[in-house]
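Please read the structure below before turning to the comments.
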Amino acid sequence: TVPLVDVRTPDEIVVGVIPTSHHIPLAVLEEALVELPDETFEERYGFKRFGKDDEVIFYCRSGRRSNLAYEKAKSLGYTRVRNYSGSWNEYSVLANVPPPVAAQV
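Going by the UniProt record's numbering, the letters in the sequence shown line up with residues 1 to 105, in that order.
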């Protein structure tokens, strides 16, 4: 299966995630792809690092940051990366995910 990588912040993923996705915040994506040994990557993110010729799809809330992740991965030599431009906003509507309940103060 093609890895689906959520690049939102940890605070954002509490509203929900696309099933089967893995979380690598955009702020640490380059470190994850370049600096981490494979074993550390797998321990930290819960899946084997994808290779430069493997398919991978990035998503975020609206598609802006996932496009930045796509561009970063391309610049690092990843050749089969894609951006889910509709990202969480589109998925949550299509999957009928209820909006988060505002915290009571």
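Just so you know, even glycine gets a beta-carbon here, dropped at the ideal spot from N, CA and C. Given the structure is predicted, the values throughout are model-derived calculations rather than measurements.
Compare the Cα-Cα distances from residue i to each of the options and report the closest residue.
i, options, result
"R82", "P37, G16, E39, C60", "C60"
"E42", "L26, H22, P10", "H22"
"Y78", "L94, V56, S62, P98", "V56"
Rounded to whole angstroms, what's the CA-CA distance from residue i to residue j? Just pull it up for me.
i, j, result
"D54", "P100", "34 Å"
"S92", "I13", "12 Å"
"P3", "F58", "8 Å"
"V34", "V28", "10 Å"
"V5", "G46", "11 Å"
"E71", "E31", "15 Å"
"R80", "N96", "30 Å"
"A73", "V7", "12 Å"
"P37", "S75", "20 Å"
"D11", "S62", "15 Å"
Thinking residue i and residue j are a contact (beta carbons under 8 Å), I'd like their distance in whole angstroms, please.
i, j, result
"P25", "T40", "So it is not a contact: roughly 16 Å between Cβ atoms."
What is the DSSP secondary structure of residue i, counted as helix, strand or coil?
i, result
"R61", "coil"
"E71", "helix"
"L4", "strand"
"V101", "coil"
"V17", "coil"
"R44", "helix"
"N96", "coil"
Q. Is the segment 16–25 touching the segment 83–96, taking contact as three or more C-beta pairs under 8 Å?
A. Pairwise C-beta distances place the segment 16–25 in contact with the segment 83–96, as three or more of them are shorter than 8 Å.
Check whether the segment 46–53 and the segment 61–72 touch, using three or more Cβ-Cβ pairs below 8 Å as the test.
No, they do not touch.
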